[in-house]
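Residue numbers (the working numbering), protein chains in the order written: chain A, 1 to 257; chain B, 258 to 342.
By construction, the Cβ of each residue, glycine as well, lies at the ideal position given by its N, Cα and C atoms.
Note that this is a predicted model, so its numbers are computed, not measured.
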Amino acid sequence: MQLPINGETIHCIREGEGPAIVFLHFLGGFSYQWRYQIAALKDRYTCIAPDHRGFGFSTFNGRWDVPTAAKDLKAELDALGVKKAHIVGYSMGGPIALVFNAQWPERVRSLVLIDTFAKNHTHSQARVEESEKCFRYMSMREYARQYVATRLLPSTPKGAVDELVASICLASKEAYLDVVRGILLPDFTEYCSKVKVPTLVMCGRHDKTTPVEFTNDLTRLIKGAVERVIATGHLGVFDDPVEFNKPLIEFLDAQPR
Amino acid sequence: MNELQVAEDGRYISGDVPFGYTLWGDNLVEVPAELDACVTAIRLVKQGKDYAHIAAVVREEHRVTMSKAQFDGLMLSVYRRYGPI
C-alpha cells in the first residue's frame, strides 16, 4: 500500500493479524528484505514493513534525518490505526527505533535492535566525506557492488548478493547520503536510558560495520536488555535467514500478547 | 599517492584517477573490467588474501593489471567509505 506521510508517499507492506510488529530496514534495504520474517510471523502478528523515505518504493521529496524518520513512523502507525507495536530496527532502523521510543513510548510494546548502535565511533566523519566524494562520480550500482563485497560473508548465496545490489540501486544518492550523515555523526546514547520496554539487542559475530562492541554498548545502556550474538555478518538476513530468525522470533513470542 | 579531487558535479579536478575509471575530458568514465576487478579484490581481501594473490586473480579473471598503488588506493577508499572489511 501507499501512504501519504509528511509530504512523501511511503510504500508499506501490511500482512497478518495480531499484535503489530513494525520492521525498520537497514541502509539500502527496503521492505522486501523482511519477507522471511513476515512469512514466519504473519500467522499470529500484524507485520508492518515500510520503505523509509528515499528507499525502495517510497518517494524522496524532502530530506532524511533520524527525527524525521521517527515522525514518519509515528504517522505511518497513525495512518494504519496501530496504537502500539513491537519495533524491530535493523542497523539504520536502530536509531529510528530509539528516537521513536523516546518520543512516543506509549506506542512501543518492545524493541528489537539488530546490528546497530547508540554511537558509531568508526571514523564517521571520514566515512561521510569519502562517500560524498565517491557519489559525485560513482554510479549507485558500483557503490553498491563494492559495499556488498565488503559486507556479505563469502558463504552468502550469489542471489542474495545480487538482490542487495539491486535493492541499494533503488535508493537515491541524496537519500543515501542523508542517512550516512544522519546516523553516523549524531550520538544516540541519551535515548537508550529512555527505554523502559523489553528489549532484544542482537548482532552478527562477524559484523564489521557495527561490531559486537556496539551491541555490548547498547546492552549496557538499556536497562534489562537481552543480548544475542549469532553466526552472521552485518547483514544476517542475507547471510543466514534461519539463524537470523531464531532469536527474533523467540523474543517476540515470549512477549505478552 | 595524490588524493583525488572531484567537483560537486562529478568533474575531475586533480589527483590519482581511481582504479575502475579513466579520464575522458574532465569526466571520470567507468572501465567495466576494472570495476569487476575491484569487486573481486574486495572479496578476496575479505577472505584474507594478500596483494600478490589478488593481482594474479584479477589478471586471470578480468584480464586487467592492478598495480600495488592502485590496490592500495582502492582499499583506502573502501575503508573510508564502509569501515573495516
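- Secondary structure of A:M140 (DSSP, three-state): helix.
- With its beta carbon at least 9 angstroms from every one in chain B, A:K83 lies outside the interface.
- With 16 or more other CB atoms across the displayed protein chains lying within 10 angstroms of its CB, A:N101 is buried.
- Residue pairing for A:C203: DSSP places it in a beta bridge opposite A:V229.
- One finds Q146, A149 and T150 in chain A with Cβ atoms closer than 8 angstroms to the Cβ of B:I299, taken in chain order.
- The shortest CA-to-CA distance from A:Y176 to any of A:A225, A:E227 and A:F60 is the one to A:F60.
- Annotation: B:E291 has no Cβ neighbours in chain A at a cutoff of 8 angstroms; minimum Cβ distance is about 11 angstroms.
- Taking a beta-carbon distance threshold of 9 angstroms, A:R205 does not count as an interface residue toward chain B.
- Close to chain A, meaning a Cβ-Cβ distance shorter than 7 angstroms, are the following residues of the segment 318-340 of chain B: S334, V335, R337, R338, Y339 and G340.
- B:V296 belongs to the set of residues whose beta carbon lies under 9 angstroms from a beta carbon in chain A.
- Within the same chain, N6 come within 7 angstroms of A:K71 by CB-CB distance, once the 5 residues on both sides are set aside.
- For a Cβ distance threshold of 8 angstroms, residue set R136 and Y137 of chain A lies close to B:G267, ordered along the chain.
- Neighbours of A:T122 in chain B, taken as residues whose beta carbon is under 9 angstroms from its own, are G340 and P341 in chain order.
- Collapsing the DSSP output to three states places A:P198 in coil.
- Taking CB atoms only, B:A309 has no neighbour in chain A less than 9 angstroms away.
- Around B:L285, the beta-carbon contacts reaching into chain A at under 8 angstroms are Y137.
- In the structure shown, A:L113 adopts extended strand secondary structure according to DSSP, grouped into three states.
- Counting only residues of its own chain and dropping the five nearest sequence neighbours on each side, A:S131 has a CB closer than 7 angstroms to the CB of L177 and V180.
- Annotation: B:R320 is outside any beta strand (DSSP E) and is labelled neither H nor E by DSSP.
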